[in-house]
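Below: one structure, written as structure tokens.
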Amino acid sequence: MKKINHNKYGKVNDNRFPPLLFAVYLGTLLLMSGIHTGLLVFMNRVGWNAIIQSIIPIIYWSMIAVGLTLFTRREIRRTYEEPMHMLAEAAEKVADGDFSVYVPTIHTADKLDYLDIMIMDFNRMVEELGSIETLKTDFVSNVSHEMKTPIAIIKNYAEMLRMEHISEAQRKEYAKSIESAATRLSDLIGNILKLNKLENQRITPDVEVYDVCRQLCECILQFEEAWDEKEIELETEIEDAAMIKADASLMELVWNNLLSNAIKFTEPGGQVAVRQILDERHIRISVSDTGCGMSRECMERIFDKFYQGDTSHAKEGNGLGLALVQRVLELMDGDIQIVSEEGKGSTFTVVLPAADIDYNNGGGL
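Convert by adding 17 to the 1-based position in the sequence shown; the result is the number in this note's numbering.
Structure (structure tokens):
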């Protein structure tokens, strides 16, 4: 029989019927046997007739048998049936969609047994199911909201395009707005599909050793037009080369999301800094901005799917980028840290294990 993991739950009693209970049974039977012998001796001395001497032991042992049966039945009911009925009722409520169910343990924390552990695991399972149900509801609600906006834009501008008396300039402007909304919708669906594949491990990372510094520079150049448009001062401190062992295409998602957010939340004329250092066996890459920063509550939820610190949705985005970043870094055995202050900006630092390379001997493997 498999033992309960005592390291996880502390001291756990593996027996529902303690040895003391069997000692009580044994002591009771021995005592009753002694009384029976004494009763027989007494009846012989008194000289009761044979019929009475036969009937009295039968009545005596019948009473003992009934008493032990009732006591055993009570113990079985209290020890097994009542807790299992509670679990069965709770399981039925969970099956009907009620995730507020809680089953109390039978014993206190210092006297837990394996049935208590089963109840605790059941409660934990129900709590997790409730969280998943809440996430699913929020996910559907958020997807509906995020899709509704670009669809409404496309619909409205398409109706305006059908108007007869509009200028060519207006027609181009409406078409551009439709294209922008369609792109936003396409990005949303694409991010949902990517995140779903990552979370369900349907993407097998194509891990290779490559130069992350070169990749960073290429990603930064992709945003040249965006930072020029907002007149953002870009500062970079990147080494000539730093090798990591990761999936290059997935890591590109990470850098693009962090750079895009930094530029998006930095006001015109602000600063964005990208720094990379090799720290012992790890490579640290930080992306800093002088944007609006985040509150403590925002930092705690920033990696939640569809969460946006800007509740007005004035900034473009769908709240999936950082959820993607976190999941990719989990697959790459990496980590991400945040330092932020409202009104002063944010710094996202990605920590990745460096590839097993000897940099002092020409970078050979």
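Built from N, CA and C at the ideal position, the CB exists for glycine as well.
- Contact annotation: Lys247 and Ala372 have beta-carbon atoms that are not nearer than 8 Å.
- Within the DSSP secondary-structure output, Ile353 pairs in a beta bridge with Val367.
- The Cβ-Cβ distance between Val143 and Val118 falls below 8 Å.
- Taking Val120 as reference, the option from Asp130, Gly114 and Met101 with the minimal CA-CA separation is Met101.
- Scanning the region 282-321 for uninterrupted beta strand (DSSP E) segments of 3 residues or longer gives 288-296 and 299-306, listed from N- to C-terminal end.
- Among the bridge pairs identified by DSSP, Ala198 is matched with none.
- One thing to note: Ala265 has its Cβ within 8 Å of the Cβ of Tyr227.
- Ala186 and Tyr174 have their C-alpha atoms some 14 Å from each other.
- In the DSSP assignment, the residues bridged to Ile261 are Tyr227 and Ala371.
- Look at Gly360 here: in three-state DSSP terms it is coil, with no helix or strand label.
- Asp138 sits in a helix when the DSSP states are folded into three classes.
- Taking all protein chains in view, the Cβ of Ser357 is crowded by 16 or more other Cβ atoms within 10 Å, so the residue is classified as buried.
- Short of 7 Å from the beta carbon of Ala290, and not among the five residues preceding or following it, lie these beta carbons of its own chain, in chain order: Glu252 and Ser305.
- Glu181: not part of any beta strand (DSSP E); DSSP gives it neither H nor E.
- One thing to note: Gln343 has its Cβ no nearer than 8 Å to the Cβ of Phe365.
- Taking every protein chain shown into account, the CB of Gly51 has fewer than 16 other CB atoms within 10 angstroms, so this residue is exposed.
- Cβ atoms of Leu270 and Val367 stay farther apart than 8 Å, at about 12 Å.
- In the DSSP assignment, Asp115 forms no beta bridge with any residue.
- In this structure, the beta-carbon distance from Ile302 to Gln293 falls below 8 Å.
- Note that the region 199-207 does not touch the region 221-238; fewer than 3 beta-carbon pairs, one per stretch, sit closer than 8 Å.
- Gly286 is not a Cβ neighbour of Ser363, given a cutoff of 8 Å.
- The C-alpha of Trp65 is placed about 31 Å away from the C-alpha of Leu43.
- Distance between Gly55 and Pro74, taken at the CA atoms: about 11 Å.
- A direct Cα-Cα distance of roughly 14 Å separates Leu210 from Met164.
- Within its own chain, no residue has a Cβ closer than 6 Å to the Cβ of Ala192 once the five positions on either side in sequence are excluded.
- The three-state secondary structure of Thr253, taken from DSSP, is strand.
- Approximately 5 Å separates the beta-carbon atoms of Phe240 and Leu276; this is inside 8 Å, confirming the contact.
- Using a Cβ distance threshold of 8 Å, Leu104 and Ile136 count as a contacting pair.
- Between Met49 and Ile81, the C-beta gap is smaller than 8 Å, which places the two residues in contact.
- Between Ile280 and Ile249, the gap from beta carbon to beta carbon is short of 8 Å.
- Excluding the 5 residues flanking it on each side, Leu146 has same chain C-beta neighbours closer than 6 Å at Phe116, in chain order.
- At the C-beta level, Leu339 and Asn274 come within 8 Å of one another.
- With a beta-carbon spacing of about 6 Å, Ile170 and Ser194 fall inside the 8 Å limit used to define contacts.
- With contacts defined as CB atoms closer than 8 Å, Leu369 and Pro222 fail to qualify as a contacting pair.
- With fewer than 16 other Cβ atoms inside 10 Å of its own Cβ, Gly114 counts as exposed.
- Counting only residues of its own chain and dropping the five nearest sequence neighbours on each side, Gly308 has a CB closer than 6 Å to the CB of Phe282, Thr283 and Gly362.
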